[in-house]
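Beneath this line is the structure, given in structure tokens, with notes to follow.
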Amino acid sequence: MASQFRFLSLLFIAHASCGFISLYAQSPQFVDEMIEVRVYGEYCTVVGTYSFKNHGTSDASWTVFYPLLNNADLPFPDSLFVMNIETKDTVTVTAARNGISYSISVPASKTRKYKVYYRQRTPARRMEYILTSTRQWGRPLERATFSIIIPDSFLLASIS
């Protein structure tokens, strides 16, 4: 008999909350995302690759808030890191109750990719990933790709 695993909601918040000092002086854009969720039963892993484009004429840095669910059904991740894909440098992360913050740097007229990885226990055998589009960025994504990988021994009970 197959175990059931539910994705009650794929609610992704694709780093939509972001604090940046000078939106008008520089034109940041959250360009695309590629998300992979792997189900293991007792936990899931999420690997997100996010592209940020600097339309400005000078180098820019922004602080990104990446929300994470933190409750009895989905406790705060027990493993987490952020990496600049080009430099392979690990980015310093500041954890809060419902997410993390980290800084990104993008040279003038360039695009940079950042990878976010986390492992989250799933005691209720369900996963949620928050998606609020690019509301804070004021532009739609150019592309978004989502993969959910579930072992053959599991039965997907629902997805929304």
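For the sequence shown, the positions run 0 to 159 when numbering that gives the first Met the number 0 is used. Ideal Cβ placement from N, Cα and C applies to all residues, glycine included. Source: prediction; values computed, not measured.
- Less than 8 Å separates the beta-carbon of leucine 68 from that of isoleucine 129.
- Under the 10 Å beta carbon count, asparagine 97 is surrounded by fewer than 16 other beta carbons and is classified as exposed.
- Of Ser78, Ser104, Leu73, the smallest CA-CA separation from aspartate 88 is found for Ser104.
- Residue range 98–105 is occupied by the beta strand (DSSP E) that includes isoleucine 103.
- The beta-bridge partner set that DSSP reports for threonine 48 consists of Met33, Lys114.
- Here isoleucine 158 is exposed, its C-beta having fewer than 16 other C-beta atoms within 10 Å.
- A distance below 6 Å between beta-carbons, with the five flanking residues on each side excluded, links isoleucine 84 to the following residues of its chain, in chain order: Lys112, Lys114.
- Alanine 156 has its alpha-carbon roughly 36 Å from the corresponding atom of glutamine 28.
- For alanine 94, the number of other beta carbons within 10 angstroms of its own is below 16, and it is reported as exposed.
- Tyrosine 39: not part of any beta strand (DSSP E); DSSP gives it neither H nor E.
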